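Right, one structure below, let's go through it.
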Amino acid sequence: MSAVHPSDPSESRDMMRGAPGFELMFLLQKFTNEADRYAETVRRRHGLARNDVHALSAVMEAERQGERATPGALRERLVLSSAAMTSVIDRLEASGHLERRHSSTDRRQIEVTPTPSARETGREMFDPMVRHMLPVLAEYTPAQLELVEGMVARLIQAITDARNEVNASG
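Using the UniProt record's numbering, the letters of the sequence shown correspond one by one to residues 1 to 170.
Now the structure itself:
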């Protein structure tokens with residue numbers, strides 16, 4: 001399997017257009033755009049700001065992975081200033097979606113955890129999307145899904161690597 005790794009910024013997009021998977025990147029972009037539009041619609045319906053939804057998602061993902069969510073880790077993940085992150089956490093705490101507590105291992109460290117209200121809001125927001133997507137996924141074999149899961153995980157890493165490269169270049 002050959003890969004295309006354009007290193008010369010002047011390399012034309014036309015040269016990459018014939019690369020395996022190039023059209024798939026556009027489908028993934030359309031998928032991401034539709035998912036963003038869905039999230040925008042439901043977040044507005046629930047009166048949440050975009051950063052609020054991203055913060056809730058990050059806190060719940062950390063919980064699923066058995067990790068602690070701290071304001072600093074959230075700030076880095078959401079690429080927000082300390083003041084902006086504090087405002088997001090304040091809003092989510094005031095609305096009953098997050099709780100702040102001192103870490104059980106380091107009392108100087110603050111951890112942020114989702115409340116039952118946050119979980120219920122998340123279900124209300126995303127159950128319709130999941131309900132429409134699961135039947136599509138059910139059309140594929142476990143082996144096919146495993147293949148796609150591996151590919152998507154590697155694509156996520158590729159995007160992360162690209163972001164890190166851009167950040168490192170100034």
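Note that CB positions come from ideal geometry on N, CA and C, so glycine has one too. This one's a predicted model, so the numbers in the text were calculated from it and none came from an experiment.
Validate contact between the segment 80-91 and the segment 45-59 using beta carbons, cut 8 Å, 3 pairs: The segment 80-91 and the segment 45-59 touch, with no fewer than 3 CB-CB distances between them shorter than 8 Å.
Exposure label - Ala55; buried when at least 16 CB within 10 Å: The residue labelled residue 55 in the question sits at position 55 within the sequence shown. Buried, because 16 or more other Cβ atoms sit within 10 Å of the Cβ of Ala55.
Alpha-carbon to alpha-carbon, Val42 and Ala62: Indexing the sequence shown from 1 puts residue 62 at position 62. Indexing the sequence shown from 1 puts residue 42 at position 42. One alpha carbon belongs to Ala62, the other to Val42, and they sit about 22 Å apart.
Start-to-end residues for the beta strand (DSSP E) that takes in Pro114: As a working note, residue 114 is residue 114 in the sequence shown. Residues 110-114.
Cβ-heavy atom distance, Ser117 to the ligand ADP, below 7 Å: With respect to small molecules bound, the structure shown includes none, and the ligand ADP cannot be examined in it.
Glu67 in three-state terms, based on DSSP: Within the sequence shown, the letter at position 67 stands for residue 67. For Glu67, the three-state secondary structure derived from DSSP is coil.
Per-residue DSSP class, three states only, for His102: In the sequence shown, the residue the question calls residue 102 occupies position 102. DSSP places His102 in strand when its eight states are reduced to three.
Span of the alpha helix (DSSP H), counted from its first residue to its last, around Pro142: As a first step, residue 142 is located in the sequence shown; it is residue number 142 there, counting from the start. Counting along the chain, the alpha helix (DSSP H) containing Pro142 begins and ends at 142-168.
When Val112, Arg17, Leu28, Asp127 are compared against Arg75, the one with the closest alpha-carbon: Here residue 75 is taken as the residue at index 75 of the sequence shown, counted from 1. Arg75 has its Cα closest to that of Val112, out of Val112, Arg17, Leu28, Asp127.
Integer Cβ distance of Pro114 from Val59, believed to fall under 8 Å: Taking the first residue of the sequence shown as 1, we reach residue 114 at position 114. Taking the first residue of the sequence shown as 1, we reach residue 59 at position 59. Confirmed, Cβ separation roughly 5 Å.
Candidates Asn167, Pro135, Ser57: closest to Thr121 by CA position: Reading the sequence shown from its first residue, position 121 is the one you call residue 121. Residue Ser57 is the option with its Cα nearest to Thr121.
7 Å CB neighbourhood of Asn164 in its chain, flanking five on each side removed: Translated into positions along the sequence shown, residue 164 becomes position 164. So no residue of the chain qualifies.
Residue range of the unbroken alpha helix (DSSP H) whose run includes Glu40: Along the sequence shown, read from residue 1 onward, the residue named residue 40 stands at position 40. Unbroken alpha helix (DSSP H) run through Glu40: 22-45.
Cutoff 8 Å; reference Leu78; Cβ partners in own chain excluding five residues on either side: Position 78 of the sequence shown, counting from 1, holds the residue named residue 78. Around Leu78: Asn51, His54, Ala55, Ala58, Met85, Val88.
Chain-order list of residues whose beta-carbon lies under 7 Å from that of Ala83 (same chain, five-residue window excluded): Counting from one through the sequence shown, the residue named residue 83 turns up at place 83. Cβ neighbours of Ala83 within its own chain (closer than 7 Å, five residues either side excluded): none.
Anticipated Cβ contact below 8 Å, Arg68 with Ser95, distance rounded: On the sequence shown, position 68 is the one that residue 68 refers to. On the sequence shown, position 95 is the one that residue 95 refers to. Not confirmed; about 22 Å, so no contact.
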